[in-house]
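First up is the structure itself, then whatever we jot down about it.
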Amino acid sequence: MHIPYDVTIRLLGPVTLVKDDVPIPVKGQRQRRFLASLALRPGQVVAKEAIIEDSWDGEPPQTVSGQLQTSAWMIRTALAEAGLPRDALGSYDHGYALRVPPHAVDLFVFREAVRGARELHTAGKDEAAGEQLDAGLGLWTGPAFADATSGRLRLRGQALQEEWTAAVGLRALIDVTLGHYDDAITRLSELVDRDPFREDLYVSLMKAYYAEGRQADAIQVYHRAKDILREQIGISPGERMTTVMQAILRQDEQALRAGTPA
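Residue numbers are given in UniProt numbering: position 221 of the sequence shown equals residue 221, and the series is strictly consecutive.
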């Protein structure tokens with residue numbers, strides 16, 4: 001399944017514009033930050049103060065007003081190269097607005113794909129849910145705002161990474177539902193390696209191993225998680241992980257099917 005929109009602005013990776021699937025780089029770190037700040041809120045007027053915070057990390061030069069205008073001119077030129085009208089970047093007394101629909105920005109197409117996949121999964125249409133989710137995840141080409149980092153954008157990028165993690169977790173859950181246990185285990189193992197303190201990921205991985213008939217591996221995941229949590233952050237596994245471990249030891253299928261994290 002392909003994404004049914006012509007994405008023009010990419011934030012899920014390097015900040016770029018796209019025309020006919022050909023990336024058009026946005027020149028200049030400050031211009032990329034400016035564009036990212038606007039593309040997070042398409043159709044809305046973003047205050048100049050917020051753009052300055054994103055673009056200069058709270059330390060603007062005395063010539064900031066003139067530099068904002070120069071950046072806006074450079075972005076309009078890049079937008080025109082991508083096939084958008086120059087007035088797609090609107091200028092107002094107190095701010096700027098990116099006059100494009102949300103589905104022109106990959107972030108919002110990704111979110112729509114995840115919402116649709118959840119609805120399909122809830123309706124029991126897991127093949128279609130998996131295809132839609134794969135299309136959404138395929139929009140990611142690296143960390144969000146990969147080449148436009150500032151303090152505030154870095155924090156926003158971390159929050160978006162959580163959305164990516166949740167989407168991959170949902171994909172693993174769909175894999176388990178479809179009986180694709182190896183795929184689910186691979187996805188969840190990679191997530192655990194990225195974030196070894198997320199108990200919900202360990203729970204999902206334990207369930208995936210158990211569903212494939214690998215009870216010993218599921219138990220091993222629990223003990224590995226327990227060692228990491230105790231040694232590195234000084235806590236014991238929570239109630240949910242412990243409950244799943246006990247259900248695995250009892251081979252309690254009903255308890256393991258209840259409340260699988262997504």
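Glycine included, each C-beta is placed from N, C-alpha and C at the ideal position.
Give every residue of the same chain whose Cβ lies closer than 7 Å to the Cβ of residue i, excluding the five residues on either side of it in the sequence, and list them in chain order.
{"i": "G28", "result": "M74"}
{"i": "R32", "result": "V15, V26, D147 and A148"}
{"i": "Y92", "result": "V45"}
{"i": "E53", "result": "R152"}
{"i": "A47", "result": "H94 and G95"}
{"i": "A167", "result": "V114, L133, G136 and L137"}
{"i": "F34", "result": "I51, S55, S71 and I75"}
{"i": "W164", "result": "W140"}
{"i": "P60", "result": "I52"}
{"i": "Q254", "result": "none"}
DSSP three-state label for residue i, please.
{"i": "Y96", "result": "strand"}
{"i": "S189", "result": "helix"}
{"i": "A36", "result": "helix"}
{"i": "A135", "result": "helix"}
{"i": "A123", "result": "coil"}
{"i": "V221", "result": "helix"}
{"i": "G259", "result": "Interpretation of G259 is limited by its pLDDT of 49, a score under 50 that renders its predicted location unreliable; no figure is taken from the coordinates."}
{"i": "V26", "result": "coil"}
{"i": "P4", "result": "With a pLDDT of 47 at P4, under the threshold of 50, the modelled position of this residue cannot be trusted; read the value that follows with caution. P4 falls in the coil class under three-state DSSP."}
Hey, how far is the Cα of residue i from the Cα of residue j?
{"i": "S236", "j": "L229", "result": "6 Å"}
{"i": "K226", "j": "Q220", "result": "10 Å"}
{"i": "G95", "j": "K125", "result": "44 Å"}
{"i": "T8", "j": "Q132", "result": "20 Å"}
{"i": "R118", "j": "Q62", "result": "49 Å"}
{"i": "G13", "j": "L249", "result": "42 Å"}
{"i": "L256", "j": "T243", "result": "9 Å"}
{"i": "E81", "j": "F108", "result": "22 Å"}
{"i": "D106", "j": "L201", "result": "26 Å"}
{"i": "D21", "j": "D6", "result": "9 Å"}
{"i": "Q161", "j": "G66", "result": "34 Å"}
{"i": "L139", "j": "V114", "result": "12 Å"}
{"i": "A72", "j": "L89", "result": "8 Å"}
{"i": "R171", "j": "R111", "result": "14 Å"}
{"i": "F197", "j": "R154", "result": "21 Å"}
{"i": "T122", "j": "A128", "result": "11 Å"}
{"i": "D87", "j": "A78", "result": "12 Å"}
{"i": "D183", "j": "L17", "result": "33 Å"}
{"i": "P214", "j": "L191", "result": "First, the residue type needs correcting, since residue 214 is Arg and not Pro in the sequence shown. Rounded to the nearest angstrom, the two C-alpha atoms are 19 Å apart."}
{"i": "S37", "j": "D57", "result": "12 Å"}
{"i": "P101", "j": "P143", "result": "23 Å"}
{"i": "I185", "j": "A39", "result": "35 Å"}
{"i": "G116", "j": "V203", "result": "25 Å"}
{"i": "E84", "j": "L11", "result": "For clarity, residue 84 is Leu in the given sequence; the question names Glu instead. Distance between the alpha carbons of L84 and L11: 17 Å."}
{"i": "A104", "j": "R187", "result": "29 Å"}
{"i": "H223", "j": "R99", "result": "52 Å"}
For residue i, collect the residues of the same chain with a Cβ closer than 8 Å to its Cβ; drop the 5 residues on either side in sequence, then sort them by chain order.
{"i": "K207", "result": "V176, A218, V244, L256 and T260"}
{"i": "G238", "result": "E199"}
{"i": "S189", "result": "L205"}
Under the criterion of a Cβ to heavy atom distance below 7 Å, does residue i qualify as lining the ligand MG?
{"i": "Y222", "result": "The ligand MG is not part of this structure, which contains no ligands at all."}
Looking only at its own chain, which residues have a Cβ that is under 6 Å from the Cβ of residue i, when we skip the five neighbours before and after it?
{"i": "Y209", "result": "D217 and A218"}
{"i": "E212", "result": "Y181"}
{"i": "E49", "result": "none"}
{"i": "D193", "result": "none"}
{"i": "L178", "result": "D126"}
{"i": "P42", "result": "L98, V100, P102 and V105"}
Who does residue i pair with in a DSSP beta bridge?
{"i": "L17", "result": "I9 and I24"}
{"i": "A211", "result": "The partner list for A211 (beta bridge, DSSP) is empty, contrary to what the question assumes."}
* In the region 140-187, which residue ranges form an unbroken beta strand (DSSP E) of at least 3 residues, counting only runs that do not cross its ends? -> none
* What runs of the beta strand (DSSP E), each 3 residues or longer, lie entirely inside the region 52-109? -> 89-91 and 95-98
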